[in-house]
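Enquirer: In the numbering used here, the protein residues as written are 1063 to 1268. Using N, Cα and C, we set each Cβ at its ideal position, and we do this for glycine too.
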């Protein structure tokens, strides 16, 4: 725990010394971090994919991953770990950070914004790298913004990245299996239909 504390503290010291002073970044980071609120940007992208025949499968993959995040992160991991937010941590009174967003409720680990962002990059990378690479860049910016606005520790972000990739892969696996099961069922029906047609033809010829 001490190593985690020291790492987080060192990163915040660096951010305070070299980044928070650049007030020009405040409105930019506010916009970027807001994009990840409730996974909004990723939900919109998933819905767009669902309305396209070519990429519908990947929209389902994103949706599956986001549902897993909602269930596991928000309802199991966060309450179980119960890590206070950086601004509520009494041991850190030396940080003067920019209050540019409303302080969120709930616990800190892992970062929900980061988790939903990185899980979404997995199906997008599978769909098309032209989608996936920009999504990775946006995910990284959203993740950094959570440290910038002082609502998450750096280790919350690292945890969110790891969990995001896990949930993303799990969402892809679940949807892949469902699609394969549907395809097997369709193939079985086609085979049964051909068998029935062959039987009827044999009967007529007889």
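Taking the C-alpha atoms as reference points, what is the distance between residue 1099 and residue 1188?
Expert: Distance between the alpha carbons of residue 1099 and residue 1188 is about 24 Å.
Enquirer: Would you kindly work out how many angstroms separate the C-alpha atoms of residue 1278 and residue 1133, rounded to a whole number?
Expert: The question about residue 1278 has no answer here: the residues shown for the chain are numbered 1063 through 1268.
Enquirer: What's the C-alpha gap between residue 1228 and residue 1204?
Expert: Cα to Cα, the separation comes out at about 18 Å.
Enquirer: Give every residue of the same chain whose Cβ lies closer than 7 Å to the Cβ of residue 1163, excluding the five residues on either side of it in the sequence, and list them in chain order.
Expert: Cβ within range, chain order: 1092, 1095 and 1211.
Enquirer: In angstroms, rounded to a whole number, what distance separates the CA positions of residue 1184 and residue 1234?
Expert: Cα to Cα, the separation comes out at about 8 Å.
Enquirer: On the three-state DSSP scale, how would you describe residue 1192?
Expert: Here residue 1192 sits in helix by DSSP.
Enquirer: Given that a residue counts as buried once 16 or more other Cβ atoms are within 10 Å of its Cβ, and exposed if not, what is residue 1196?
Expert: The residue in question, residue 1196, is exposed, as its Cβ has fewer than 16 Cβ neighbours within 10 Å.
Enquirer: Taking the alpha-carbon of residue 1171 as reference, which of 1191, 1140, 1165 and 1192 has the nearest alpha-carbon?
Expert: Checked all of 1191, 1140, 1165 and 1192; the closest Cα to residue 1171 is 1140.
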